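Q: Note that the sequence shown covers residues 139 to 383 in our numbering. The beta carbon of each residue, even a glycine, is placed where N, CA and C say it ideally should be. These figures come from a predicted structure and were not determined experimentally.
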Amino acid sequence: MGNRWMYEVGGKQSSHYRPYAPPDGLIRIRGGGHDYEGFSYISETPFVIIDLRNLRSISIDTEDKTAWIQDGATIGEVYYRIAEKSKTLAFVGGVCPTDGVGGHFNGGSYGMMSRKLGTAADNIIDTKLINANGRIHDRESMGEDLFWDIRGGGGTSFGIIISWKVKLLDILEKVTVFNVTRNLEQNATQLVYKWQHITHKVDDNLLLRLFLWSSQSLVRRGQRIVHAIFTTKFVRGVDEPLPKM
Numbered sequence: 139m140g141n142r143w144m145y146e147v148g149g150k151q152s153s154h155y156r157p158y159a160p161p162d163g164l165i166r167i168r169g170g171g172h173d174y175e176g177f178s179y180i181s182e183t184p185f186v187i188i189d190l191r192n193l194r195s196i197s198i199d200t201e202d203k204t205a206w207i208q209d210g211a212t213i214g215e216v217y218y219r220i221a222e223k224s225k226t227l228a229f230v231g232g233v234c235p236t237d238g239v240g241g242h243f244n245g246g247s248y249g250m251m252s253r254k255l256g257t258a259a260d261n262i263i264d265t266k267l268i269n270a271n272g273r274i275h276d277r278e279s280m281g282e283d284l285f286w287d288i289r290g291g292g293g294t295s296f297g298i299i300i301s302w303k304v305k306l307l308d309i310l311e312k313v314t315v316f317n318v319t320r321n322l323e324q325n326a327t328q329l330v331y332k333w334q335h336i337t338h339k340v341d342d343n344l345l346l347r348l349f350l351w352s353s354q355s356l357v358r359r360g361q362r363i364v365h366a367i368f369t370t371k372f373v374r375g376v377d378e379p380l381p382k383m
């Protein structure tokens with residue numbers, strides 16, 4: 139290709155990109171590579187991968203309560219860097235630590251605090267995007283329509299996003315988390331039925347998440363058991379949710 143790509147996370151340095159397209163015109167952009175269906179690295183025709191996994195710088199500003207995050211960083215790395223700087227600041231994201239922020243943010247990114255604090259997409263305040271002509275745009279230069287599109291509409295449809303600026307949110311130093319697991323013999327079916335009818339009505343500080351999975355029975359050879367796991371996060375202290383349980 140013969141192109142040298144230069145970039146700047148904070149936007150202080152002007153950058154220049156030389157656009158390139160392969161003969162077949164197919165380019166795949168990979169952030170964390172966490173896509174279960176492999177859309178970022180599988181194709182029936184020859185293609186070029188633009189791999190962003192080494193762009194993983196994370197800069198935390200606790201006074202401004204913001205962070206610049208490069209597209210190749212993972213959710214776990216973001217949480218870790220925030221925790222290094224503050225015990226009372228957080229970011230709304232998913233629970234899988236190996237998920238790359240690029241695909242996560244592009245998809246909207248729902249998390250365990252979303253009922254109270256919104257999605258990650260709601261808390262993105264700026265970005266750096268390279269368009270097809272090799273120009274770098276931020277929120278101001280790309281316009282609000284495109285900025286809205288890339289926060290949930292699939293950023294790779296519009297360009298290459300190299301970094302995101304996000305708003306950090308105030309939380310208590312200690313929040314409440316607990317899990318409850320039940321199988322079919324322990325009334326899991328009834329609990330799942332009830333979960334469907336109450337989970338959207340509970341306190342906004344509370345999120346009730348349901349996982350269903352199966353495992354080999356330890357007592358009935360050749361049979362599998364269905365389990366329901368209720369993972370719960372309450373964005374307050376432990377004393378408040380107890381009367382609600």
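Where do the ends of the beta strand (DSSP E) carrying Gln-208 lie?
A: Here residue 208 corresponds to residue number 70 of the sequence shown, with the count starting at 1. Where Gln-208 is concerned, the enclosing beta strand (DSSP E) stretches over 204-208.
Q: DSSP three-state label for Asn-317, please.
A: To locate residue 317, count along the sequence shown from 1; it is residue 179. Strand, per DSSP.
Q: Output the distance between the C-alpha atoms of Val-147 and Arg-320, rounded to the nearest integer angstrom.
A: Here residue 147 refers to the residue found at position 9 when the sequence shown is read from its first residue. Here residue 320 refers to the residue found at position 182 when the sequence shown is read from its first residue. Caution applies to Val-147, whose pLDDT of 42 falls short of 50 and renders its modelled position unreliable; the value that the coordinates give is listed next. Computed Cα separation, rounded: 46 angstroms.
Q: Could you name the residues that DSSP lists as bridge partners for Ser-353?
A: If you number the sequence shown from 1, residue 353 lands on position 215. Ile-363, per the DSSP bridge assignment.
Q: Are the region 285-302 and the region 239-258 touching, with three or more C-beta to C-beta distances below 8 angstroms?
A: Short answer: they touch.
Q: Determine the DSSP secondary structure at Thr-327, reduced to helix, strand or coil.
A: Here residue 327 corresponds to residue number 189 of the sequence shown, with the count starting at 1. Correct three-state label for Thr-327: helix.
Q: Can you check which of these residues, Val-364, Glu-182 and Thr-314, is closest to Val-376 by C-alpha distance?
A: For the purposes of this step, residue 376 is identified with residue 238 of the sequence shown, where counting begins at 1. If we check each option's Cα against that of Val-376, Thr-314 comes out closest.
Q: Using the beta-carbon count (16 or more within 10 Å), is Lys-150 buried or exposed?
A: Within the sequence shown, residue 150 is the residue found at index 12, counting from 1. Unreliable placement is indicated for Lys-150, whose pLDDT of 44 sits below 50; no coordinate value is reported for it.
Q: Do the region 228-245 and the region 275-286 touch if we need at least three Cβ pairs shorter than 8 angstroms?
A: As far as the Cβ criterion goes, the region 228-245 does not touch the region 275-286, which means the pair count is below three.
Q: Beta-carbon within less than 6 angstroms of Leu-345's beta-carbon, same chain only, minus the 5 sequence neighbours each way: which residues are those?
A: For the purposes of this step, residue 345 is taken as the residue at position 207 of the sequence shown. Met-250, Arg-253 and Lys-371.
Q: Consider the Cβ of Tyr-179: report whether some Cβ of chain D lies at a distance smaller than 8 angstroms.
A: Absence of chain D from the displayed structure is noted, only one protein chain being present.
Q: In this structure, what does DSSP give as the bridge partners for Thr-212?
A: Taking the first residue of the sequence shown as position 1, residue 212 is located at position 74. Gly-238.
Q: Helix, strand or coil for Tyr-145? Go by DSSP, reduced to three states.
A: Numbered from its first residue, the sequence shown carries residue 145 at position 7. Residue placement at Tyr-145 cannot be trusted, given a pLDDT of 45 that sits under 50; what the coordinates show is reported in the next sentence. Three-state DSSP puts Tyr-145 in coil, outside helix and strand.
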